[in-house]
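First residue of the sequence shown: 268, per my numbering; consecutive thereafter. Positions of the beta carbon are idealized from the N, C-alpha and C atoms, including for glycine. Have a look at the structure below before the remarks.
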Amino acid sequence: MPDITILGAGIFGLSIAWACQSRGASVRIIDPLGPGGGASGGLVGALAPHVPENWNEKKAFQLESLLMAGPFWAEVETVSGLSSGYARRGRIQPLLDARSLELAHARQHSAKDLWAGHAEWQVVGEEKIPFAVASPTGFYVLDTLSACLHPRKACYALAKALQKKSAEIVPDGPQAGIVVHATGVAGLEEMSRQMGLTIGNAVKGQAALLDFEASKSPQIFVDGMHVIFHEDGTTAIGSTSERLFTEPTATDALLEDVIRRAKEKLPVLAGANVIERWAGLRPRALSRAPMLGAHPVYSGQFIANGGFKIGFGMAPKVGQVMANLMLESVDSIPVDFRPEASLPKG
């Protein structure tokens, strides 16, 4: 019987399995949809930092995780023989007005201290931009911390690496040993029903994949959209953020608007064809931070949920702290990430 049973083969479940397995624990992962079958099987994969100001535990946690990502995914690729699509090429953001330019200059200085020399937040001109991106000020932020991966391929690679090290990944089966629930939207909805409280919700996202190759270029964040140039020669754009929806996995006019706006803001994409459209539900906890620690319903069990838009960026560190907690009884989870932070006050 396994030492650890993980319910859910999304990025949190797989990363926790990897961290536990690296410490000698045997692991069984149960998910009827298989690896990346839910929100983790998307297209975009932006691993982008919070702005370097108003520093807190969440931002420090994310910084550590983003810095862990390079060696984390390199080891996964070596063991699995598959590509995760991981690359740290930075991110470009156009600065829209004088106030945003002023803030960007201030953040350029704060990043030197807060990012401790691991990366830079730079204000640059058009000469540093690989192709035309509209900017009313003529200036941009270029940070060197942002990275990207291909979410679906990353899940497949991590699952393959786990299986090569003898982890079980099955659609169903008995739970044994330490149990952790990494069940995404379904888990949030189940807890809300059992507790009679809303502790999280599903947020629908839609994204598209284009046949445009710019795999050496930094990602771009413009007009609320991520544009990611994957190493396989495709370009992902997205995503919507919908709290009200009727068809969870259907794409619609909202995605067509994203595609239109992306081609408008980046004329280089104008002739690119859409080769895939995707929609799915992402789990957002009430606190808007990941929910990690002791399960609020199942005594003696654990939870890792609420990755929302930052799950892949947080995953290496999430795996580490959950393995610390479950295998060594070392609790290094930030206060704002604990399940009680997502319980309604009063």
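Close-in-space but distant-in-sequence residues of the same chain around residue i (CB under 6 Å, 5 per side omitted)
| i | result |
| --- | --- |
| PRO583 | SER332, MET335, ALA336 and PHE339 |
| ALA286 | GLY586, GLN587 and ALA590 |
| THR518 | GLN473, ARG544 and ALA546 |
| ALA608 | SER554 |
| ARG419 | GLY303 and GLY308 |
| VAL564 | MET458 and GLN461 |
| SER293 | PRO269 and ASP270 |
| LYS530 | LEU536 and ALA537 |
CB of residue i within 9 Å of CB of residue j, strictly
| i | j | result |
| --- | --- | --- |
| ALA443 | PRO269 | yes |
| LEU559 | PHE604 | yes |
| CYS415 | ALA354 | yes |
| VAL525 | PRO361 | no |
| ALA552 | LEU464 | no |
| ILE577 | LEU536 | no |
| GLU342 | SER350 | no |
| ALA614 | GLN430 | Because the chain in this structure spans residues 268 to 613, residue 614 falls outside the shown range and cannot be described. |
| LYS379 | GLU387 | yes |
| GLU498 | GLY352 | yes |
| ALA556 | GLY573 | yes |
| VAL311 | ILE495 | yes |
| ALA426 | LEU281 | yes |
| ARG290 | ILE273 | no |
| SER484 | PRO397 | yes |
Per-residue burial, residue i [other beta carbons within 10 Å of its own, 16 or more giving buried]
| i | result |
| --- | --- |
| MET458 | buried |
| ALA424 | buried |
| HIS385 | exposed |
| THR513 | exposed |
| VAL408 | buried |
| GLY567 | exposed |
| SER506 | buried |
| ALA284 | buried |
| LEU368 | buried |
| PRO606 | buried |
Anticipated Cβ contact below 8 Å, residue i with residue j, distance rounded
| i | j | result |
| --- | --- | --- |
| GLY275 | ALA449 | 4 Å |
| GLY451 | PRO550 | 4 Å |
| TYR593 | ILE271 | Inspection of the sequence shows that residue 593 is occupied by Met rather than by Tyr. Going by Cβ atoms, the distance from MET593 to ILE271 rounds to 7 Å, so yes, they are a contact pair. |
| ASP478 | ALA539 | 6 Å |
| LEU476 | THR501 | 5 Å |
| ALA428 | SER307 | Not quite, the Cβ-Cβ distance comes to about 15 Å (not below 8 Å), so this is no contact. |
| VAL447 | ILE570 | 7 Å |
| MET492 | ARG528 | 7 Å |
| ASP439 | ARG358 | Actually they do not touch by this definition, with Cβ atoms about 40 Å apart. |
| PRO316 | ASP364 | About 22 Å separates the two Cβ atoms, so there is no contact after all. |
| ALA453 | GLN288 | The Cβ separation is near 24 Å, so there is no contact. |
| ILE466 | LEU610 | 6 Å |
Other residues of its chain near residue i: CB distance less than 7 Å, five sequence neighbours each side excluded
| i | result |
| --- | --- |
| TRP382 | PRO319, LEU330 and LEU412 |
| PRO601 | GLU324, LYS325 and PHE328 |
| GLN375 | TRP388, GLN389 and VAL390 |
| SER377 | PRO319 and GLU320 |
| SER508 | VAL470 and GLY472 |
| GLU393 | GLY405 |
Own chain residues within Cβ distance below 8 Å of residue i, not counting five before or after
| i | result |
| --- | --- |
| PRO515 | ALA469, LYS471, ALA546, GLY547 and LEU548 |
| SER599 | VAL588, ASN591 and LEU592 |
CB contact below 9 Å: residue i versus chain C
| i | result |
| --- | --- |
| ARG510 | The question asks about chain C, but that chain is absent: this structure has only one protein chain. |
Fill in: Inside the region 506-558 only - beta strand (DSSP E) runs reaching at least 3 residues
541-552
| task | Could I get the ranges of all uninterrupted alpha helix (DSSP H) runs contained in the region 442-476, with 4 residues as the minimum, in chain order? | result | 451-462
**Q.** beta strand (DSSP E) runs wholly inside the region 400-433, at least 3 long, in chain order
**A.** 406-410
Enumerate, from N- to C-terminal direction, the unbroken alpha helix (DSSP H) stretches of 4 or more residues contained entirely within the region 319-374. Whole alpha helix (DSSP H) segments, 4+ residues: 324-347.
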